[in-house]
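>
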Amino acid sequence: MRFIKKYRYVLLLFFAILSIWYYLCIPEQLFTDPTSTVIYDRNGNILNARIADDGQWRFPHNRHVPEKFKKCIIQFEDRNFYKHWGVSLRAIARAIKQNLSAGRVVSGGSTITMQVIRLMRKGKSRSIYEKIIESILATRIEWRYSKEEILAYYASNAPMGGNVVGLDAAAWRYFGATADELSWAESALLAVLPNAPGLIYPGKNQQKLLEKRNRLLTALFQAGEIDSLAYQLALTEPLPNKPPDLPQLAPHLTEKLISQNYKGKRVVSTLDKNIQTQVTKILQIHHEQFKKNEIYNAACLVIDINKNEVLAYVGNVNNDDAEHGSEVDIICSPRSTGSILKPFLYAAMINDGLITPEQLVADIPTHISGYTPKNYNQTYDGAVAASKALARSLNVPAVRMLQEYGIARFHYLLQKLGITTLHKPSAHYGLSLILGGAEATLWDLSAIYSSMARSLNQYPDYKSDLNEPPKYILNDTIIVNKNNTPVINPAASWFTFKAMLEVSRPDEESNWQYFNTSNKIAWKTGTSFGHRDAWSIGLNADYLVAVWVGNADGEGRPGLMGVKVAAPILFDVFSRLPPGKWFKKPFDEMRKAAVCRLSGHKASDLCNPIDTVYLPITCDNTGVCTYHQRIHLDKSKKWQVDSRCENPLNMEEEIFFVLPPLIEYYYKLKNPNYKSLPPYRSDCQQIEDNSMEIIYPKKPSKIYVPVNLDGTRGKTVFEVTHRNKNIRLFWHLDDYFVGETKDIHQIELQPAAGKHKLTIIDENGQWITQIFEVLNKPGD
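Here the sequence shown stands for residues 905 to 1684, numbered as in the working numbering.
1. By the DSSP assignment, the beta strand (DSSP E) with G1636 in it spans what residues?
2. In angstroms, rounded to a whole number, what distance separates the CA positions of Q1019 and E1343?
3. For C1549, which of D1587, I1054, K1402, Y1078 has the nearest alpha-carbon?
4. For W1543, which residues from the same chain have a beta carbon less than 7 angstroms from its beta carbon, with the 5 sequence-adjacent residues on both sides left out?
5. Judging by CA-CA distance, which residue of V1611, H1435, Y1200 is the nearest neighbour of N1680?
6. Using the beta-carbon count (16 or more within 10 Å), is H1435 buried or exposed?
7. Sort N1201, S1087, E1046, A1081 by Cα distance to E971 and report the nearest one.
8. Would you say D1233 and G1242 are within 8 angstroms of each other, going by their C-beta atoms?
9. Name, in chain order, the residues that DSSP records as bridge partners for E1557.
10. Measure the CB-CB distance between R962 and V1096 and report whether it falls below 8 angstroms.
11. Report the CB separation of I1268 from Y1280 in whole angstroms; it is logged as a contact under 8 angstroms.
12. What three-state label does DSSP hand G1430 in the structure shown?
13. Closer than 8 angstroms is the cut-off here; do at least three beta carbon pairs connect the region 1207 to 1221 with the region 1141 to 1148?
14. Looking only at its own chain, which residues have a Cβ that is under 8 angstroms from the Cβ of G1463, when we skip the five neighbours before and after it?
15. Whole angstroms are fine: how far does the CA of I1254 sit from the CA of R1313?
16. May I ask you to report which of helix, strand or coil DSSP gives R946?
17. Going by DSSP, what residues sit across from F1641 in a beta bridge?
18. Buried or exposed for Q1417, please, with buried defined as at least 16 other CB atoms from any protein chain shown within 10 angstroms of its CB.
19. What runs of the beta strand (DSSP E), each 3 residues or longer, lie entirely inside the region 1140 to 1217?
20. Using only alpha-carbon positions, find the residue among D1380, F1399, T1270, K1211 that is nearest to K1292.
21. Decide if I1664 is buried, meaning its Cβ has at least 16 other Cβ atoms within 10 Å, or exposed.
22. May I ask you to report which of helix, strand or coil DSSP gives A1100?
23. Using alpha carbons as the reference points, say which of A1331, N1387, S1440, Q1319 lies closest to Q1307.
24. Does DSSP put C1236 in a helix, in a strand, or in coil?
25. Tell whether a beta-carbon distance below 8 angstroms holds between T1082 and I943.
26. Please state the DSSP three-state secondary structure of K1246.
27. Leaving out five residues before and five after L1405 in sequence, what residues of the same chain have Cβ atoms less than 7 angstroms from its Cβ?
28. Which first and last residues belong to the beta strand (DSSP E) in which Q1650 is found?
29. In its own chain, which residues sit with a C-beta less than 7 angstroms from the C-beta of E1592, not counting the 5 before and 5 after it?
30. Should D1348 and I1377 be called a contact, given that it needs their Cβ atoms to be closer than 8 angstroms?
31. Using 8 angstroms as the threshold, is the C-beta distance between I1207 and Y1447 below it?
32. Give every residue of the same chain whose Cβ lies closer than 6 angstroms to the Cβ of V969, excluding the five residues on either side of it in the sequence, and list them in chain order.
33. List the DSSP bridge partners of G1442.
34. Identify whether R1617 lies in helix, strand or coil by the three-state DSSP scheme.
35. Which partner residues does T1516 have in the DSSP bridge list?
36. Helix, strand or coil for Y1584, going by three-state DSSP, please let me know.
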């Protein structure tokens, strides 16, 4: 007592320091080891895992421990786990007795809590001093954490053989399942592994491992934890062989998440494992065919439109040869758009009241400031309904529509919709913006189409996710764009998707007609210049599928076209998805109107026939049809007349559908029922127009095409003169457009042997025709 009284302050200070040490002896974070990045699907199935930086398969900490493994580990390691405060005197006494009897260390008497401390301290020696330290720290950890939390730390960090650490990693590494899915035999096996992970693990010392597992199963049975049937079945389960590779179903999404600071974390994605697996297989099947044509890359994205969640994210196919860029995530890579932007222009012009859905747009040879767009099939319709121009992906009408809408205006709209790759001013892209002159990503395009679809599904009560990009992390509530007003009004979106139902291609692009399914799908393809990028995007009210095919290095290949390589993948994917619904009409955004059936414009008093249809309210200000005109004919109705040559009382009045001359010329070729205006009667007709004449070949004419020195067929120069030297002439050989001239009207052609028809049309619609024959050689 005198000693204590004399040194009481020293003792108080000692106990204070000891108490502080005891309080602080456990770090705030028990384990700081690097962990694997693990991606799960929406249902808890593993999709992908990336090994930790230290080369260990160590999954992130999991607070949940399955009941089977919990009972197994407690039965095997620490039967009094729930009764002690970190140290079990009974276990220590038992260990001392067993060690003395064996003459060597056969039992350590450590509790699960003490083992957590040893794992945390990275395998210190098993000396008595270290045991004392572990015991003290174990009592401290019991104060901080619950028993369930201590079990979770053990389960997440126990060595499981080789470079596998923790229950979750071992369950997937050895059994390809989650820890919750493990059987009694599998749980028992993983419970005994930490006891000697370096000596016994699946694929090594199988017999010893089997004996240890079965001894634990027997103990569980004797303790009443499992019944006799479960016990007998568990004993018959074989051990796993050499550990298989972990699933790698979403490598590109994994890389994306790692770049977004999810490295070493557990991420529950929105993906569906079944859909992801199906899409991956579909791409690989088509890839086997594509690589015969040296096309090595493909990507696909599937989105649940209503939930705004990604169901499948396949950034690229798996190439055996790494040099072909299989590691590139194409979904996020800027690529030339081809025709995939055309629906946005069509929707924008309806949205802004510049056209009606079926309004005629010109499809004629076009030359604008040095830019001469061509349709894929090198022919022209003269005039075509805007919806049909979109469905057939005609280039000339799209360019002319863009010129009317405005390049800068469309450029701004694309950025507002969500295209993030337009880094240069609109003037840089020019009119080629609508034909692939700019780049976009599959991600941005999918987000825009999905947003347009959601505006229809949510109408009229829009939600906060309307203009948000799709989510790929489940329950992600981050809102980037608080604006929930649709950029394109629902009526314009509805008519756009309606036009996309009819997407088709020329006959030579065969097999597209076999892509039809029993469900309505609005779809659009695109092919970039040089056949470098093939696109196909399709959707209904429930799902969107977006596909890209090509080469990651940008190499073009013959036959690399959206309709031939991307569209088949798109419809294969749709065939694996549940049937989707079609969009409801947003009637409140529409109004009934009388429309000219021939022109698609709102009907004038002269129009006949007339259809009464629903039009977007935005079309209220579009002009009425100007193509129907009153024409005066003579009594025979064969000739046009006017008051200079005919008494008005003898005139017959008739309504004609009249197109401008140049448009009419091409329109008649595709529309044989078109009724041209009758010519003026001879006494009413003005002086015949002889302003244009063919200089070569003369009529009638037989010509030959010269042969070059190397034996190849050369070219012949054809020439025409026109009184108006500034006028443009459009040249056609056998009704196919071959070029245009201005100032000097000469053109080089290479017609094959045989008879041909040369037709030249000026920009006012006047034309002349010449028939000629090409001989194989002079004198034939």
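Where a beta carbon is used, it is the ideal one built from N, C-alpha and C, also for glycine.
According to the structure shown:
1. Note on residue identity: the sequence assigns His, not Gly, to residue 1636. H1636 -> beta strand (DSSP E) spans 1632 to 1637.
2. 57 angstroms
3. D1587
4. L1537, P1582, P1583, Y1584, R1585
5. V1611
6. buried
7. S1087
8. Note that the C-beta distance between D1233 and G1242 is not below 8 angstroms.
9. H1536
10. Between R962 and V1096, the gap from beta carbon to beta carbon reaches 8 angstroms or more.
11. About 16 angstroms; that fails the 8 angstroms criterion.
12. strand
13. no
14. N1197, H1435, V1469
15. 14 angstroms
16. coil
17. H1636
18. Per-residue confidence for Q1417 stands at a pLDDT of 48, beneath the threshold of 50, marking its modelled position as unreliable; the derived number appears in the next sentence. Exposed, by the Cβ-count rule.
19. 1170 to 1172, 1201 to 1208
20. F1399
21. buried
22. coil
23. Considering only A1331, N1387, S1440, Q1319, the residue with the shortest C-alpha distance to Q1307 is A1331.
24. helix
25. no
26. Note: K1246 maps to helix in three-state DSSP.
27. K1424, A1426
28. 1650 to 1653
29. For E1592, the predicted model reports a pLDDT of 43, less than 50, meaning its position is unreliable and no value from the coordinates is stated.
30. No, these two residues do not count as a Cβ contact at 8 angstroms.
31. yes
32. L1055, A1056, A1059
33. Paired residues: W1427, V1449.
34. strand
35. BP columns for T1516 point to A1498.
36. strand
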